[in-house]
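The structure under discussion appears below in the form of structure tokens.
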Amino acid sequence: MVVEARHLSIDYRIGREWVSAILDVTLKLEPRRIHGLVGESGSGKTTLALALMRYLPPNARISGGSIWLGDQELTHLSEADMQRVWGRRIALVPQNPLEALNPTMTIAAQMTELTRLHLGLSAEQARQQALDDLKRVNIADGEQVLRRYPHQLSGGMQQRVMIAAALSTQPDLLILDEPTTALDVTTQAVILDLIRERVRSENTAVLFVSHNLGVIAQLCDTVTVLYGGEVMETAPVERLFARPVHPYTVGLLQSIPKPDAESEARLMTIEGVAPSLAHRTSACVFADRCRAAVERCHAEKPPLEAVDDVHQARCWRWPEVQSGQVALTPPIATAPADPPQRDTPVLQVRQLQKHFVEGGLFDRLTGRASRVRAVEDVSLHVNQRSTVGVVGESGSGKTTLARAIVALDPADQGEIALLGQPISLTLRQRSAETLGRLRLVFQNPNEALNPHHTVGQAIGRTLQLLDKRRGRQTDIRKRVAEMLQAVGLAPEYADRYPSQLSGGEKQRVAIARAFAADPDLIIADEPTSALDVSVQAVIVNLLKDLRNQTGVSYLVISHDLELVVYMADWIAVMYLGEIVEQGTAADVYGIPSHPYTEALISAVPVPDPTVKGGVIRLHGDVPSPRSKPSGCPFHTRCPRFIGSICVEQVPPVRVSANGHQIRCHYTLDELAALQTADRKDAL
Amino acid sequence: MAAPAASPEARRSPLAVLQRRWWGFWRFWRRLVRQPLAFAATLIVLFFMMISIVGHWIAPYPYDAVQPDPDRCVARGEAVRCAALSNAPPSLAHPFGTDRNGRDVLSRLLYGARYTIGLPLVATLLSVALGTGLGLLIGYTGGAVDEVISRFIDILLSIPAIILALVSLSTVVPTLAASQNPLVQSIGPINIALVLVIVLLYTPIVARVIRAATLGLRDRGYVELAKLRGESTLYILLREIFPGVVPALAVEGALRFSYAIFLVASLGFLGLGAQPPIPEWGRMVLDARPTLTAAPWALWFPVGAIALLVISVNLMADGLQRLYQENER
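Next up, the structure:
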């Protein structure tokens, strides 16, 4: 059954006004096809997805257009009629399964609920079907899972249950709203495989909402790009990624860091911020940020024009973009900075260890407290003017490592040396000078800035306490202005509060503050993961520029392997608190690599539909650091598992001539041989 | 909190600061006006507070003067002696009537406001100040300090408030009364004792609320970054965390105020608060009880005043809470 939205418009009431969130969107979803809906935060993608099932908050209204489910029109149905549509004919898998599953009910109760209500099955029939449904999402021990409560399942497992439940009534439309965003990349790969194979075997139309272009490229058949609540471009996936005609799509695709790119190249950025929907003008909604915008774009809104029968774009200049007459290429690389100096490390970390003791005073006294071995035996060097990346999934200990280095959670054992001088592991014993040399940038700029302090106060206070040049106090305001200028913000920003800034601007302020004390090393914990792709590109470029200007070094912590490979010249891969591999970016990304790194690379969805990602999948869950596996910590999931040696013995660190280290029972040559053979097979 | 001399804030032009402050106040006001009930309640509370300050100046008669009954006067030589005008219904001369001793109820209400509103206000401010300091400290420090003080608070809170009040009043008042300190004597031992009791009762409650709010803030990134630039604990508490607990503080403060009013009035009614002839409103209710049928106005006006005040303070607290929730959104 075909599902269609025709000229759909949605308004939100904010205060006393109605604000247009979705304007004139037409979508056509066909059975057995996956339709991708891509857009940055605030583009209205979730609103649109929920509107298709007429599931909107009370302050929203459908102000125009129609929604067709086959030959039934939904916008005029009553709430009671919609209840027969929800769950039966339209199913939703939301981003966070733990919020969608009821924590007080077993999986069985929640899965059978739908089929009993909509299909009229008996309790026994429903249970039987739930088992079958679980089997189809590759859950073998369905009986076990049905008896569990949601919190007893891992994130990947919860999302599988959600998909199984959503498909249990064989709906006409399945809406997947960022279903893998909350998951680790290796789990995401497994879930995407599952969606791909399951959906094709059902007679269901799928709307897949995501901000991740890689996921969209690997999964979808058709893609719609949404911006400011309007469709910018719709095309089959290969066409959209190979020959986009809308400047926004072009910008989005070029702002993704690619691991094979020249590391001095700058990322293409989309300047400016997402439009405020409160004032829709007659201009093109993207005109203010568009590199190709001409006068007409600011005066007149372009219609959604057909490029050909499958490809549509909303742009006045698409024919010129298509023929290459409009230059949208990324700016040229900046002059390369002085190369990293290998012999003078800024930071040396030797055999760092951090264990957390869980449980209260009573548990500790009775010896029942459990030890979480968060970071174990980690050694790492950061050279001057270099960027070192630490990659790992959640629970790998990468954030704990960062916090131990800056002494927010002091390490138990080990040594940390800054510029060759050993420094204390605890914060109180570090001098102001040390604090100023070693700065931290947080993942979420909302967390990092006190909402009650102005930008000027935030930066000024750091200058006042830590700036080595600590001049007369009258200089501070001038220095704040300089710092703001260095990150591309006007001096007037000093008087603003964080709530008056966009996410990207907040992160710039956080970075300006980190640079305020003229540091030698900045530790950046997921510096861009709270930001949109186009903003991420701005921040990544900024970090590169600042490094070239000031000669600072970075330690970048991230779950995003591609970003780290793009930014860093040395990479450490962590798994369960240990560094399993480290080496130059090229070495880590190439052959040989640790089996875990191999799986990570394989799991990353490549933002190019013609390149199929790797086939190595990690099954099972990451073991808890409370009960770390013996021997090699990765042996429970390793696709290159040898045998009892992996279980019983801690693997040695194999080091190559250029310092590439892999912790594995295989030698480097053996790994290289195995991996080269596999790649040949795959081709 | 004075801004550190060196921060850019300090050197900003006073006008800009004023404009910003004024803008915040203006927005607050606009939102408050949009909630008619809370707005009216706030006006009523402000009115009562004003009364508690100026009440004894605008009262038509002294609070303890027995009013003469013009119909029952006897001339004795030069002097005219009149009988007391007891239990007179409301009239132009006595809008709220008179009580059984012939005293003007309106004047007594106006005069007594300073006890029924002033005492709880002072006590609430004190317990809010102490409780905030304590709550910030134990919430931020955590560990054994928090454990010990929190358990102590739990014990205090497990004793019924009225019993704790009775016990402490009965021990504190005689000690204070015996004191020769002129300051104590001029304020009045009972008034001091009442304030102390309320502080003892409410400081732990405020501390617990502020501790919870602090717990939610102490692991925020900006607090950790403050540690990383070597800020002192005092700076972190006052400049980084305190502004974030102000919403919780305002709501809890308003709530404590309404309970404190009730407690003072209740103790007055039990005869434990202000002593005659001080016209504390709870005490007025107690004194008017025997003449419930003969002079109901002497009972109903103080009861009504207490009820109106407490309801208004509660509605104001609700309104504040809604304002801050809107702000967070």
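Residue numbers (this note's numbering), protein chains in the order written: chain A, 150 to 832; chain B, 146 to 474. For each residue, glycine too, the CB sits at the ideal point set by N, CA and C. Remember, predicted model here, so these are calculated numbers, not experimental data.
- One thing to note: residue 737(A) has its Cβ within 9 Å of the Cβ of residue 714(A).
- The C-beta of residue 456(B) has fewer than 16 other C-beta atoms within 10 Å across all chains shown, which makes the residue exposed.
- In the structure shown, the three-state DSSP call for residue 460(A) is coil.
- At a cut-off of 9 Å between C-beta atoms, residue 807(A) does not count as an interface residue with respect to chain B.
- Interface criterion not met: the Cβ of residue 518(A) is under 9 Å from no Cβ in chain B.
- Apart from sequence neighbours up to five positions away, the residues of its chain that approach residue 450(B) with a beta-carbon distance below 7 Å are 254, 426, ordered along the chain.
- In terms of beta-carbon proximity, residue 611(A) lines the interface with chain B, with at least one pair separated by less than 9 Å.
- Runs of the beta strand (DSSP E) lying entirely within the stretch 705-776 of chain A, each at least 3 residues long, are 719-724, 727-733 in chain order.
- Put simply, of 204(B), 319(B), 374(B), 458(B) the residue whose alpha carbon is nearest the alpha carbon of residue 241(B) is 204(B).
- The beta carbon of residue 433(B) sits closer than 8 Å to the beta carbons of 244, 245, 440, 443, 444, 447 from its chain, once the five residues preceding and following it are set aside; these are given in chain order.
- Taking a beta-carbon distance threshold of 9 Å, residue 664(A) does not count as an interface residue toward chain B.
- Taking residue 298(A) as reference, the option from 608(A), 642(A), 248(A) with the minimal CA-CA separation is 248(A).
- Interface criterion met: the Cβ of residue 369(B) is under 9 Å from a Cβ in chain A.
- With a 10 Å radius around the Cβ and a threshold of 16 neighbouring Cβ atoms, residue 813(A) comes out buried.
- Excluding sequence positions up to five before and after residue 349(A), its CB lies within less than 8 Å of the CB of 181, all in the same chain and listed in chain order.
- Not flagged as an interface residue toward chain B: residue 203(A), since no C-beta distance is shorter than 9 Å.
- Annotation: residue 167(A) is outside any alpha helix (DSSP H); the continuous beta strand (DSSP E) that includes it extends over 166-178.
- In the DSSP assignment, residue 213(B) falls outside any alpha helix (DSSP H) and within the unbroken beta strand (DSSP E) covering 213-221.
- When the five nearest sequence neighbours on each side are left out, the beta carbons in the same chain lying within less than 6 Å of the beta carbon of residue 306(B) are those of 346, in order along the chain.
- Burial check for residue 332(B): the Cβ neighbour count within 10 Å stays below 16, so the residue is exposed.
- Neighbours of residue 179(B) across chain A, judged by C-beta separation under 8 Å, do not exist; the nearest C-beta is about 10 Å away.
- In terms of Cα proximity to residue 261(A), the closest of 274(A), 559(A), 826(A) is 274(A).
- Residues of chain A whose Cβ lies closer than 7 Å to the Cβ of residue 365(B) are, in chain order, 596.
- Between residue 347(A) and residue 312(A) a beta carbon distance of about 7 Å is seen, short of the 8 Å cut, so the two are scored as contacting.
- The stretch 805-812 of chain A makes contact with the stretch 731-751 of chain A; the number of CB pairs closer than 8 Å reaches 3 or more.
- Pairing residue 406(A) with residue 353(A) gives a Cβ-Cβ distance that is not under 9 Å.
- Cβ neighbours of residue 336(B) within its own chain (closer than 8 Å, five residues either side excluded): 260, 264, 419.
- Residue burial annotation: residue 349(B) is buried, with at least 16 other C-beta atoms found within 10 angstroms of its C-beta.
- Straight-line spacing of the CA atoms in residue 471(A) and residue 389(A) works out to 12 Å.
- Scanning 681(A), 466(A), 429(A) for the CA closest to the CA of residue 419(A) turns up 681(A).
- Within the stretch 232-296 of chain B, the complete alpha helix (DSSP H) runs of at least 4 residues fall at 250-258, 264-286.
- Contact check for residue 579(A) against residue 670(A) fails: the beta carbons are separated by 9 Å or more.
- Annotation note: the stretch 554-637 of chain A contains the following uninterrupted alpha helix (DSSP H) runs of length 4 or greater, listed N- to C-terminal: 581-586, 594-597, 604-615, 625-635.
- Counting the other Cβ atoms within 10 Å of the Cβ of residue 406(B) gives 16 or more, which makes it buried.
- Annotation for residue 671(A): the continuous beta strand (DSSP E) segment containing it runs 670-674.
- Within the same chain, and ignoring the five residues on either side of residue 383(A) in sequence, the residues whose Cβ sits closer than 6 Å to its Cβ are 373, 461.
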